[in-house]
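Novice: Got a structure here, written out as structure tokens. Questions coming.
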């Protein structure tokens with residue numbers, strides 16, 4: 001393998017037609033680069049989604065609807081309302097609950113409401129919450145504070161606004177803390193400003209919201225003790241799905257709902273959605289390998305074809321070698337060495353370019369909290385890609401090598 005003459009011949013053969021060699025190498029380089037880039041991009045997308053999901057994989061969101069079955073004298077179609085008393089009931093009767101935060105929203109799901117401050121106005125989502133909510137879906141506070149239990153107990157008309165709300169209702173550089181905004185005719189004092197953990201359009205939407213104490217919200221907007229929905233997290237190492245089933249069963253019994261009525265309560269299990277996303281990313285990785293290997297295979301076919309052309313051009317030379325006593329292994333090893341060398345050099349260049357591209361994208365996204373972050377490939381992927389590359393390089397040289405061995409010296413010597 002380290003015979004000096006063999007390597008000199010490799011360089012001589014491949015350098016005889018540099019354009020042809022470079023074009024063939026480019027096909028291999030492109031294939032391995034595409035494999036690296038697709039795998040890295042898939043990892044970047046998965047990292048972003050996992051980072052956003054990891055905060056809430058142990059959480060669920062539960063809401064009430066209406067019954068579809070009669071039960072204990074109640075007719076079907078009865079509307080079920082969650083109450084503040086349900087929160088205390090679930091805390092006492094479902095031991096797997098870690099945090100339970102009742103929530104309300106002015107205007108219903110995706111409802112926006114006119115909010116005024118002097119001559120400035122805007123349409124924002126207004127929530128009624130408890131201090132526990134920020135533990136379930138964290139939001140960094142950039143100025144002031146979030147809601148506290150004293151706000152709820154005293155029924156204070158205070159609020160925490162998003163950065164987008166601040167930008168639209170306040171002058172640049174103005175301190176909003178202690179100032180008042182009017183929400184549907186009710187004045188609330190700003191005690192905090194938060195920023196989103198997302199980026200792009202989602203961040204803008206996320207910061208166009210206002211949080212108020214749920215007790216104040218219920219009184220100010222005539223909600224009584226009704227709750228819109230519940231945000232709930234499990235204790236460590238507890239299954240959200242199991243807890244969700246138990247919570248629904250408890251609420252059905254409490255609100256006298258038929259045990260088999262699946263419509264009365266709905267809930268959204270974040271762990272289930274996370275598992276679905278994990279399955280999707282497994283498919284993306286498999287597809288990346290499939291497409292990448294096909295692209296690489298196309299490049300390898302190019303190597304095989306170019307080696308066949310080289311064998312054709314060297315027919316006379318190979319005939320002379322066989323006439324002088326060259327063994328089949330001498331010829332096969334030489335052809336394989338040329339094929340592997342061309343494939344390896346092109347492959348390593350592809351790996352370098354692919355990793356460089358991913359590092360460039362990663363540097364541009366540094367500090368980002370969006371749905372695409374830290375794209376890259378680990379050592380296992382690189383090792384696997386290079387292994388595939390070497391195997392393909394060997395296969396690319398086998399057919400030309402076999403063709404070279406079958407050349408008959410007498411016929412080869414007649415070839416011009």
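In full-length UniProt numbering, the protein residues as written are 1 to 416.
Beta carbons are placed, not taken as given, at the ideal position from N, Cα and C, and that holds for glycine.
Can you give the beta carbon distance from residue 332 to residue 405, rounded, assuming they're within the 8 Å contact cut?
Specialist: That belief holds up - the Cβ atoms of residue 332 and residue 405 are roughly 6 Å apart, short of 8 Å.
Novice: In whole angstroms, what separates the C-alpha of residue 134 from that of residue 195?
Specialist: Taking the straight line joining both Cα atoms gives about 12 Å.
Novice: Contact check, residue 58 vs residue 271 under 8 Å by CB: the rounded distance?
Specialist: That belief holds up - the Cβ atoms of residue 58 and residue 271 are roughly 7 Å apart, short of 8 Å.
Novice: For residue 377, report the span of its alpha helix (DSSP H) as first-last.
Specialist: Careful: residue 377 lies outside any alpha helix (DSSP H) and carries neither H nor E.
Novice: Ignoring anything shorter than 4 residues or poking outside the segment 114 to 193, list the alpha helix (DSSP H) runs there in chain order.
Specialist: Whole alpha helix (DSSP H) segments, 4+ residues: 133 to 136, 149 to 154, 163 to 169.
Novice: Going by CA-CA distance only, name the one from 137, 130, 140, 166 that's closest to residue 152.
Specialist: Measuring from the Cα of residue 152, the nearest candidate turns out to be 130.
Novice: So what does residue 269 bridge to, in DSSP terms?
Specialist: BP columns for residue 269 point to 60.
Novice: Kindly give me the distance between the Cβ atoms of residue 340 and residue 279, rounded to whole angstroms, as I take these residues to be in contact under 8 Å.
Specialist: Actually they do not touch by this definition, with Cβ atoms about 38 Å apart.
Novice: Using 10 angstroms around the beta-carbon of residue 20, count the other beta-carbons present and answer buried if the total reaches 16, otherwise exposed.
Specialist: Looking at its Cβ environment, which holds fewer than 16 other Cβ atoms inside 10 Å, residue 20 is exposed.
Novice: Which of the three DSSP states is assigned to residue 103 in this structure?
Specialist: Residue state, collapsed to three classes: strand.
Novice: Would you mind stating whether residue 113 and residue 126 have Cβ atoms separated by less than 7 Å?
Specialist: A contact, by the Cβ cut-off of 7 Å.
Novice: Between the C-alpha atoms of residue 13 and residue 310, what's the straight-line distance to the nearest angstrom?
Specialist: One C-alpha to the other measures close to 8 Å.
Novice: Looking at residue 240 and residue 269, is the spacing between their C-beta atoms short of 7 Å?
Specialist: Cβ atoms of residue 269 and residue 240: closer than 7 Å.
Novice: Does the distance from the CB of residue 417 to the CB of residue 216 come in under 7 Å?
Specialist: No statement about residue 417 is possible, as the shown extent of the chain runs from 1 to 416 and does not include it.
Novice: Within its chain, find whatever has a CB closer than 8 Å to the CB of residue 223; leave out the 5 residues flanking it on each side and keep chain order.
Specialist: 104, 128, 217, listed in sequence order.
Novice: Output the boundary residues of the beta strand (DSSP E) element that contains residue 328.
Specialist: Unbroken run through residue 328 is the alpha helix (DSSP H), 328 to 364; no beta strand (DSSP E).
Novice: Within the same chain, show all residues whose beta-carbon is closer than 6 Å to that of residue 354, passing over the 5 residues directly before and after it, in chain order.
Specialist: The answer, listed in chain order, is 33, 36, 37.
Novice: With distances taken Cα to Cα, identify the nearest neighbour of residue 321 among 230, 274, 407, 226.
Specialist: Ranking the options by Cα distance to residue 321, first place goes to 407.
Novice: Are there 16 or more other CB atoms within 10 angstroms of the CB of residue 18, so buried, or fewer, so exposed?
Specialist: Residue 18 should be labelled exposed.
Novice: Just verifying my parser: in three-state terms, what is the DSSP assignment at residue 207?
Specialist: Three-state result, residue 207: coil.
Novice: To the nearest angstrom, report how far apart residue 1 and residue 273 are at their CA atoms.
Specialist: Confidence in residue 1 is poor, its pLDDT being 49 and thus under 50, which makes the residue's placement unreliable; the coordinate value appears in the next sentence. Using only the alpha carbons, I get a separation of about 54 Å.
Novice: If you draw a straight line from the alpha carbon of residue 263 to that of residue 123, how long is it in whole angstroms?
Specialist: Rounded to whole angstroms, residue 263 to residue 123 spans 32 Å at the Cα level.
Novice: If I measure Cβ to Cβ from residue 68 and keep anything under 6 Å in the same chain, skipping five residues before and after, which residues do I get?
Specialist: Contacts found: 76, 261, 263.
Novice: Pick out whichever of 31, 7, 306, 302 has its Cα sitting closest to the Cα of residue 348.
Specialist: Per the Cα distances, 31.
Novice: Would you call residue 364 buried or exposed, if buried means 16 or more other Cβ atoms sit within 10 Å of its Cβ?
Specialist: Under this definition residue 364 is an exposed residue.
Novice: Going by CA-CA distance only, name the one from 42, 88, 16, 11 that's closest to residue 254.
Specialist: The residue with the shortest Cα to Cα distance from residue 254 is 88.
Novice: What residue range does the beta strand (DSSP E) around residue 229 cover?
Specialist: Per DSSP, residue 229 belongs to the beta strand (DSSP E) from 229 to 234.
Novice: Which residues share a DSSP beta bridge with residue 89?
Specialist: Partner(s): none; residue 89 has no beta bridge.
Novice: Using DSSP with H/G/I as helix, E/B as strand and the rest coil, what is residue 74?
Specialist: DSSP places residue 74 in strand when its eight states are reduced to three.
Novice: Does DSSP put residue 1 in a helix, a strand or coil?
Specialist: Bear in mind that a pLDDT of 49 at residue 1, under 50, signals an unreliable position, so the number given afterwards is only what the model happens to contain. The answer is coil: DSSP assigns residue 1 none of H, G, I, E or B.
Novice: The alpha helix (DSSP H) with residue 315 in it runs from where to where?
Specialist: Here the alpha helix (DSSP H) through residue 315 covers 315 to 323.
Novice: What does a CB cutoff of less than 7 Å around residue 98 pick up in its chain, not counting 5 residues either side in sequence?
Specialist: Here the set comprises 233, 234, 235.
Novice: Near residue 381, which residues of its chain fall below 6 Å by C-beta distance, leaving aside the five closest residues on each side in sequence?
Specialist: 39, listed in sequence order.
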